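**Student:** If you scroll down you'll find the structure; I have some questions about it.
Protein chains: 2
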Amino acid sequence: MSDAGLLNQLIESLRRLPGLGPKSAQRMAFHLLERDRDAGRELARVMAAAMERIGRCERCRTLTEHARCALCSSARRDPSLLCIVEQPSDIVAIEQATDYAGLYFVLGGRLSPLDGIGPEELGLDRLAARFHEPELEEAILAISPTVEGLATAHYIGELARDSRLRLSRIAHGVPLGGELEFVDGGTLAHAFAGRQGL
Amino acid sequence: MSDAGLLNQLIESLRRLPGLGPKSAQRMAFHLLERDRDAGRELARVMAAAMERIGRCERCRTLTEHARCALCSSARRDPSLLCIVEQPSDIVAIEQATDYAGLYFVLGGRLSPLDGIGPEELGLDRLAARFHEPELEEAILAISPTVEGLATAHYIGELARDSRLRLSRIAHGVPLGGELEFVDGGTLAHAFAGRQGL
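Each protein sequence line maps, in turn, to chains A and B.
Heads up: the first sequence begins at 102 in the working numbering, then just goes up one per residue.
Heads up: the second sequence begins at 102 in the working numbering, then just goes up one per residue.
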């Protein structure tokens, strides 16, 4: 190991964080070493613990350090509603922005046969089993309306077909506050086709 | 600890890195947990080691994990030149932008009596001792031209007065009030070449 080894290693490790360039990583390393070693020690401790102990919820597949996540174990969530999302971060976004009070199911991606992501990788067998649980009344698809996302939604629709479940998806259209002229054509066409009576 | 405890702790710890907002910290945490646990483990390991083992060079006061840093122990650096900087990161900037091949001395700040930063905190006694080492011929002040920086430069000028040292400062092509580590390399190289006798 060279003399500047550990400092350079620290900068290189920080650069593996998404969105950090070399200047930012260097600035962070020097900031921690010169002004806030406690923050650095705390980050090292929490990071190590998180990488080892955080796994997937056995029920909804979101990230948690317990067998079952806080939402799945909560008695205050409505078990008749199930929202299907791609990523754990989608749950955070929905919890912050909406008053949805049901449960979630995390796919962990979208169907993409070319990348080797099939129904098994997304836990769709487990999702199909949940579709037949008696307390469930509505499943809401909150999947990005990309080509792969739409294919995934279609596949899940087929899974729900022989249950007496109500299946819905969040609305696709022009985002609130968006200028029509800057919205891409695909979105606009989709929003037109999906127009609703006033 | 709540259920989402460890994940939230990780996001909070990442937020203590300078320049990271809540959204970026969250994105980084999810990225590491879902796609790159090895990077997270490596960062935790290197961070812990760096916080414990990186100290100050006994000769130039820069950050190093050894008693004496790579530059101070190198036989290829010119011991007749000493560049005086505020921060270890200034050394990185100068090494990258210029062909300076002498040694360094890191003050660790600027004289600021109101903040309790006096000559002792900047190691100026050690610097004065180096001014009288026989092999030293020129000392170059590379201190940010802020009010406090200029006062610090003046104080160092007084220290060097009774030595036979040539004292210079980098040219003030560096914009007044600017921080050295954010100046572009070309300006910095220009200022280095244009250093003037004090």
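No residue lacks a Cβ here, since even glycine has one placed at the ideal position from N, Cα and C.
Quick caveat: nothing in here was measured; it's all calculated off a predicted structure.
Roughly how many angstroms lie between the CA atoms of residue 225 of chain A and residue 243 of chain A, to the nearest whole one?
**Tutor:** In this structure, the CA atom of residue 225 of chain A is about 15 Å from the CA atom of residue 243 of chain A.
**Student:** In terms of residue numbering, what span does the alpha helix (DSSP H) encompassing residue 206 of chain B cover?
**Tutor:** No alpha helix (DSSP H) contains residue 206 of chain B, which is instead part of the beta strand (DSSP E) from 203-207.
**Student:** Rounded to whole angstroms, what's the CA-CA distance from residue 135 of chain B to residue 268 of chain A? Just pull it up for me.
**Tutor:** 28 Å
**Student:** With a 10 Å radius around its C-beta and 16 neighbouring C-beta atoms as the bar for buried, classify residue 287 of chain B as buried or exposed.
**Tutor:** exposed
**Student:** Just to confirm the assignment: which complete alpha helix (DSSP H) runs, minimum length 4, are found wholly within the stretch 177-239 of chain A?
**Tutor:** 189-198, 225-232
**Student:** Out of B:184, B:259, B:206, B:115, state which residue places its alpha-carbon closest to the alpha-carbon of residue 159 of chain B.
**Tutor:** B:206
**Student:** When we look at the beta-carbon of residue 176 of chain B and count the other beta-carbons within 10 Å, is it buried (16 or more) or exposed?
**Tutor:** Looking at its Cβ environment, which holds fewer than 16 other Cβ atoms inside 10 Å, residue 176 of chain B is exposed.
**Student:** Tell me the DSSP bridge mates of residue 165 of chain B?
**Tutor:** B:156
**Student:** Could you confirm whether any beta carbon from chain B is found closer than 8 Å to the beta carbon of residue 197 of chain A?
**Tutor:** no
**Student:** Pick from A:161, A:141, A:166, A:138: whose alpha carbon is nearest that of residue 150 of chain A?
**Tutor:** A:166
**Student:** For residue 264 of chain B, name the three-state secondary structure that DSSP assigns.
**Tutor:** coil
**Student:** If contact means a Cβ-Cβ distance below 7 Å, which residues of the stretch 154-167 of chain B contact chain A?
**Tutor:** 154, 155, 164, 165, 166, 167
**Student:** Using a beta-carbon distance cut-off of less than 8 Å, what residues from the stretch 122-149 of chain B approach chain A?
**Tutor:** Cβ contacts with chain A come from 125, 127, 128, 129, 130, 131, 132, 133, 134, 135, 137, 138, 140, 141, 142, 143, 144, 145, 146, 147, 148, 149.
**Student:** For chain A, find out if any of its Cβ atoms is closer than 8 Å to the Cβ of residue 202 of chain B; answer yes or no.
**Tutor:** no
**Student:** In the DSSP assignment, find the alpha helix (DSSP H) that holds residue 112 of chain B and state where it starts and stops.
**Tutor:** 106-116
**Student:** When the Cα atoms are used, what is the spatial distance from residue 276 of chain A to residue 170 of chain B?
**Tutor:** 55 Å
**Student:** Just to confirm my understanding: we take residue 218 of chain B, look at its own chain, exclude 5 residues before and 5 after, and list those with CB closer than 8 Å. What are they?
**Tutor:** Here the set comprises 210, 211, 212.
**Student:** Taking 8 Å as the cut-off, decide whether the C-beta atoms of residue 152 of chain B and residue 278 of chain A are in contact.
**Tutor:** For residue 152 of chain B and residue 278 of chain A, no; Cβs fall outside 8 Å.
**Student:** Go through its chain and collect everything with a Cβ distance to residue 121 of chain A's Cβ below 7 Å, but skip five positions before and after it.
**Tutor:** 115
**Student:** Name, in chain order, the residues that DSSP records as bridge partners for residue 270 of chain B.
**Tutor:** B:242, B:297
**Student:** Hey, is residue 117 of chain A's beta-carbon within less than 8 Å of any beta-carbon in chain B?
**Tutor:** yes
**Student:** Within its chain, find whatever has a CB closer than 7 Å to the CB of residue 168 of chain A; leave out the 5 residues flanking it on each side and keep chain order.
**Tutor:** 159
**Student:** Quick one: is the Cβ of residue 260 of chain A within less than 7 Å of any heavy atom of the ligand FAD?
**Tutor:** The ligand content of the structure shown is nil, which means the ligand FAD is not present either.
**Student:** Let me confirm a value: residue 197 of chain B is counted as buried when at least 16 other C-beta atoms fall within 10 Å, else exposed. Which label applies?
**Tutor:** exposed
**Student:** Would you tell me roughly how many angstroms separate the C-alpha atoms of residue 102 of chain A and residue 118 of chain A, rounded to the nearest one?
**Tutor:** Legend: pLDDT at residue 102 of chain A = 38, less than 50; position of this residue unreliable, value from coordinates given subsequently. Our two residues, residue 102 of chain A and residue 118 of chain A, have alpha carbons roughly 23 Å apart in a direct line.
**Student:** Contact criterion: CB-CB distance below 8 Å. Does residue 120 of chain A meet it with respect to chain B?
**Tutor:** yes
**Student:** Taking C-alpha atoms, which residue in A:186, A:188, A:179 lies nearest to residue 202 of chain A?
**Tutor:** A:179
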